[in-house]
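All remarks here apply to the structure that follows.
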Amino acid sequence: MKKIFRELYRLIIPFWVRRRIRGIVIAPSFYKRMIDECEEVYYARYSAERAGKTWWPEAEARKAAHILDKGLQRDDVSPGHGAQIASSLERNIKLIGGEDKKKTTVVWSSEILEDYNQLQIGQLAQPRGASFVNPEVDYELLFRLQETRRSIRSFKKGALSRESIEKVLDASLHAPHSCNRQAIASFVSMEENMVKKCLGLNNGATGISGQPQAFISFCSDLRCYDLPKEQSLPTLDTALGVQNSVLAAHSLSLGLTLLNWSHATPAQERNLRDLLKIPPYYKIIINAALGLPRKGAPVPVKKTEERFWVEG
Ligand SMILES: Cc1cc2nc3c(=O)[nH]c(=O)nc-3n(C[C@H](O)[C@H](O)[C@H](O)COP(=O)(O)O)c2cc1C
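Taking our numbering, the leading residue of the sequence shown gets 309, the next gets one more, and so forth.
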């Protein structure tokens with residue numbers, strides 16, 4: 309009986325009304341943008357799920373494959389676990405159609421599904437693994453890269469190859485990423501006028517002299533996340549990738565200077581999206597100016613160490 313009433317309630321009262329009945333929150337207007345962003349993705353996800361569609365097959369496949377992969381790596385791996393995840397992976401792989409079938413996600417996740425299925429029939433000889441790779445980069449060298457990197461605010465004219473920019477962006481993909489969703493995406497322009505216009509929309513670019521050769525907007529594909537529960541993850545995931553790019557740029561003697569986007573007005577947000585053709589489901593996390601440094605920058609003060617060793 310209770311179930312029938314619940315279904316009737318669901319059918320009669322639209323979802324957006326039900327959500328409001330469940331919990332009205334009166335919040336100051338500066339929360340509006342944050343709430344709107346979550347609601348937009350939440351409703352889209354909810355409607356897709358109600359229509360029996362899988363939300364975002366590629367990211368869902370990467371996430372499911374990642375969960376199975378972790379299990380398959382366990383030293384004590386044994387059959388009989390993760391059946392639900394395996395069927396979600398299978399379903400999502402099937403949903404990826406056409407040319408997308410050749411994508412690395414499909415190849416990788418199919419391999420994992422195959423190993424999982426082999427395990428269930430006792431055919432997987434040993435846990436998934438690989439030998440530990442010695443990076444052959446010693447601590448001193450890496451620390452020197454980290455320590456000498458600066459936010460460059462003076463750029464000189466000159467040619468910057470697309471290949472170098474690709475290298476900087478490739479580095480962003482090699483950072484840890486929650487559930488291996490790889491939701492980071494970058495929108496790039498090397499066109500002089502466009503770079504100028506994009507920089508003009510960033511309040512934090514006022515300290516920049518000369519013109520950097522490229523403008524990058526680092527974004528996160530919100531479709532990959534369960535919002536609002538995972539609200540902190542798009543920023544966290546993107547930031548880890550961006551830091552890789554910042555260091556990669558420095559290793560190439562380039563400056564990649566971050567430009568805060570959290571102060572952007574709605575008009576600035578709209579204009580930047582128009583210029584770089586950024587679809588609404590990509591959240592702009594941070595922007596950056598990339599170019600040839602004319603000069604370095606003095607080392608800003610580092611705070612007195614705050615480190616708490618807890619013993620006992
Ligand atoms: C999230 C974030 C936002 C930033 N926004 C700006 C900005 O808008 N403009 C700018 O000139 N620098 C910006 N920076 C660079 C910081 O000012 C800089 O990293 C900091 O002062 C330390 O200096 P360093 O990068 O040379 O070590 C930003 C850095 C971060 C991490």
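Cβ atoms here follow ideal geometry from the backbone N, Cα and C, with glycine treated the same way.
Going along the chain, which residues of its own chain have a beta-carbon closer than 8 Å to the beta-carbon of C463, five neighbours each way excluded?
-> If you number the sequence shown from 1, residue 463 lands on position 155. The question names Cys, yet the displayed sequence has Phe at residue 463. So the list reads I516, S517, G518, Q519, P520, Q521, G563, A597, G599, L600, P601 and R602, once near-sequence residues are dropped.
Is there contact between the region 353–373 and the region 481–491, where contact requires at least three CB pairs shorter than 8 Å?
-> yes
Are three or more beta carbon pairs between the region 528–541 and the region 442–450 nearer than 8 Å?
-> no
Status (buried if at least 16 other CB within 10 Å, exposed otherwise) for L580 | In the sequence shown, residue 580 corresponds to position 272, counting from 1. Answer is buried; the Cβ neighbour count reaches 16.
Counting Cβ pairs closer than 8 Å, one from the region 609–617 and one from the region 536–555, do we hit at least three?
-> no
Determine the extent of the beta strand (DSSP E) in which G599 is found, giving its start and end residues.
-> Here residue 599 is taken as the residue at index 291 of the sequence shown, counted from 1. Y590 to G599 is the extent of the beta strand (DSSP E) around G599.
For S355 and K304, the rounded distance between their alpha carbons = Because residue 304 is not part of the residues shown, which for the chain are 309 to 620, the question remains open.
Specify whether the region 487–507 and the region 571–578 touch according to this definition: at least 3 beta carbon pairs, one from each stretch, less than 8 Å apart.
-> no
Decide yes or no for the touch test of the region 346–353 against the region 399–410: beta carbon pairs closer than 8 Å, at least 3 of them.
-> no
Leaving out the 5 sequence neighbours to the left and right, which residues in its chain are closer than 8 Å to G437 when beta-carbon positions are compared?
-> On the sequence shown, residue 437 is found 129 positions in, with the first residue counted as 1. The answer, listed in chain order, is Q381.
Indicate, with yes or no, if ligand 1 has a heavy atom lying under 7 Å from the CB of I594.
-> Position 286 of the sequence shown, counting from 1, holds the residue named residue 594. The answer is yes for I594.
In three-state DSSP terms, what is T612?
-> The residue you call residue 612 lines up with position 304 of the sequence shown. Coil at T612, not helix or strand.
Rounded straight-line distance, which links the Cα of P608 to that of Q454 = To locate residue 454, count along the sequence shown from 1; it is residue 146. To locate residue 608, count along the sequence shown from 1; it is residue 300. Taking the straight line from one Cα to the other gives about 14 Å.
Give me whichever residues DSSP pairs with F523 in a beta bridge.
-> As a working note, residue 523 is residue 215 in the sequence shown. DSSP output for F523 lists S497 and A597 as bridge partner(s).
Residues with C-beta closer than 6 Å to any heavy atom of ligand 1, in chain order = R458, S459, R461, G512, G515, T565, L566, L567, N568, I594, A605 and P608
On the three-state DSSP scale, how would you describe D529?
-> Sequence index remark: in the sequence shown, residue 529 carries index 221 (1-based). The answer is strand: DSSP assigns D529 an E or B state.
Kindly indicate which three-state DSSP category L566 falls into: helix, strand or coil?
-> By 1-based counting over the sequence shown, the position of residue 566 is 258. L566 falls in the strand class under three-state DSSP.
Rounded straight-line distance, which links the Cα of V385 to that of L421 | Position 113 of the sequence shown, counting from 1, holds the residue named residue 421. Position 77 of the sequence shown, counting from 1, holds the residue named residue 385. Their backbone Cα atoms lie some 15 Å apart in a straight line.
Let me know the secondary structure DSSP gives I332 once reduced to three states.
-> Against the sequence shown, residue 332 aligns to sequence position 24. Of the three classes helix, strand and coil, the one that applies to I332 here is coil, per DSSP.
Opening and closing residue of the alpha helix (DSSP H) in which W416 lies = What you label residue 416 is simply residue 108 of the sequence shown in a count that begins at 1. Unbroken alpha helix (DSSP H) run through W416: T412 to Q428.
Span separating the alpha-carbon of L468 from that of F523 | In the sequence shown, the residue the question calls residue 468 occupies position 160. In the sequence shown, the residue the question calls residue 523 occupies position 215. Rounded to the nearest angstrom, the two C-alpha atoms are 12 Å apart.
Span separating the alpha-carbon of I586 from that of L567 = Within the sequence shown, numbered from 1, the residue matching residue 586 stands at position 278. Within the sequence shown, numbered from 1, the residue matching residue 567 stands at position 259. Looking at the two C-alpha atoms, the distance is approximately 17 Å.
Looking at C-alpha atoms only, which residue of N552, D408, F338 and N442 is the closest neighbour of L481?
-> Translated into positions along the sequence shown, residue 481 becomes position 173. Closest option to L481, Cα to Cα, is N552.
What residue ranges within the region 454–485 form continuous alpha helix (DSSP H) runs of no fewer than 4 residues, ordered along the chain?
-> 470–480
Opposing strand residues paired with I492 [DSSP bridges] = Here residue 492 refers to the residue found at position 184 of the sequence shown. I492 is bridged to S528.
Within 8 Å, strictly: CB atoms of W364 and E357 | The residue labelled residue 364 in the question sits at position 56 within the sequence shown. The residue labelled residue 357 in the question sits at position 49 within the sequence shown. Against a cut-off of 8 Å, the Cβ pair of E357 and W364 comes out as no contact.
Alpha carbon of E366 to alpha carbon of I404, nearest angstrom = Your numbering for residue 366 matches position 58 in the sequence shown. Your numbering for residue 404 matches position 96 in the sequence shown. Computed Cα separation, rounded: 7 Å.
Looking at the unbroken alpha helix (DSSP H) that takes in Q576, where does it start and where does it end?
-> The residue you call residue 576 lines up with position 268 of the sequence shown. Note, Q576: alpha helix (DSSP H), P574 to L584.
Hey, out of P322, I343 and E315, whose CA is closest to K537's CA?
-> Counting from 1 along the sequence shown, the entry for residue 537 is found at position 229. The shortest C-alpha separation from K537 is found at I343.
Can you tell me which of the three DSSP states S395 falls into?
-> Walking along the sequence shown from the start, residue 395 turns up at place 87. Helix at S395.
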